[in-house]
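Shown next, in structure tokens, is the structure this report addresses.
Numbering (my numbering), first residue to last: 6 to 125.
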């Protein structure tokens, strides 16, 4: 069974020439299984965090945990065993689907003491 070691998030640095890349965030989760580590990275459109709040699904402003600290973990949970470690989401429905049945309190219970996960 994979164990979550840490989770972080970051803004993707803007590219040269006014590239729209400055509108993306990246979620990074490090897992360990059988003594080896696996890093799962999910890059997504930053605006999707606002979509979650607008739809009443998750509001990072009131919950104190950034969306970028959740996405890679939720992606791995929804797609266990997927071979690729780097993922890109540019579809709102695909992103919102990651948060289906999401509960922050249950998430904190499932990953106690993980770096990047504030404790209650």
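Glycine is no exception: its CB is placed at the ideal position from the N, C-alpha and C atoms.
{"query": "Continuous alpha helix (DSSP H) assignments of at least 4 residues falling wholly in the stretch 7 to 67", "result": "52 to 59"}
{"query": "Host alpha helix (DSSP H) of residue 110 (start-end)", "result": "109 to 115"}
{"query": "Selection from 44, 67, 54 and 41 that minimises the alpha carbon distance to residue 29", "result": "54"}
{"query": "Buried versus exposed, by CB contacts within 10 Å (16 or more), residue 91", "result": "exposed"}
{"query": "7 Å Cβ shell around residue 77 - same chain, five flanking residues per side excluded", "result": "12, 32, 33, 34, 45, 46 and 47"}
{"query": "Closest by C-alpha distance to residue 41, when choosing among 87, 8, 83 and 109", "result": "8"}
{"query": "CB of residue 73 within 8 Å of CB of residue 118, strictly", "result": "no"}
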